[in-house]
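Asks: Take a look at this one; I'll ask things after.
In our numbering, the protein residues as written are 42 to 151.
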């Protein structure tokens with residue numbers, strides 16, 4: 042009896058000290074200031090990535106554009122760029138490494 046009473050007492054005390062979770066069907070509205078901050082953050086990210094991409098070689102930039110921005114497959118990118126698929130794979134590997142270094146130089150941390 043004592044153990045059961047202690048368990049019930051602990052549950053009752055825990056319920057009083059912690060707020061109850063309420064299910065919400067709708068997302069709360071964001072303030073306009075939050076939307077503006079999100080837009081500024083997105084613009085800064087685009088600027089950083091664009092600046093880092095500008096420092097890649099034209100071949101690497103072309104592969105990144107084909108694979109990640111236009112969403113082409115390796116074979117489609119190879120046909121579009123006029124190079125073998127293996128070259129697209131190696132260029133994408135080295136392009137992403139160079140892009141990572143360029144972003145780290147600009148203060149972007151993983």
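Here a beta-carbon is modelled for each residue, glycine too, at the ideal position from N, C-alpha and C.
How about the region 114–128 and the region 138–151: do they share at least three Cβ pairs that are nearer than 8 angstroms?
Replies: At 8 angstroms Cβ cutoff, the stretches do not touch.
Asks: Just to confirm the assignment, what range does the alpha helix (DSSP H) spanning residue 128 have?
Replies: Here residue 128 refers to the residue found at position 87 when the chain shown is read from its first residue. That run of the alpha helix (DSSP H) goes 126–146.
Asks: Assign residue 98 to one of three DSSP states: helix, strand, or coil.
Replies: Within the chain shown, the letter at position 57 stands for residue 98. In the three-state reduction of the DSSP assignment, residue 98 falls in the coil class, being assigned neither a helical nor a strand state.
Asks: Nearest CA to the CA of residue 122: which residue from 110, 136, 100, 137?
Replies: To locate residue 122, count along the chain shown from 1; it is residue 81. The option with the nearest alpha carbon to residue 122 is 100.
Asks: My understanding is that residue 94 touches residue 140, with C-beta atoms under 8 angstroms, so please give their C-beta distance in whole angstroms.
Replies: On the chain shown, residue 94 is found 53 positions in, with the first residue counted as 1. On the chain shown, residue 140 is found 99 positions in, with the first residue counted as 1. Yes, they are in contact, since the Cβ atoms of residue 94 and residue 140 sit about 7 angstroms apart, within 8 angstroms.
Asks: Secondary structure at residue 150, three-state DSSP: helix, strand or coil?
Replies: Against the chain shown, residue 150 aligns to sequence position 109. In the structure shown, residue 150 sits in coil (DSSP, three-state: anything other than H, G, I, E or B).
Asks: Run the CB neighbour count on residue 49, radius 10 Å, all protein chains shown included, and call it buried at 16 or more, exposed below.
Replies: Here residue 49 is taken as the residue at index 8 of the chain shown, counted from 1. When all chains shown are included, residue 49 counts as exposed.
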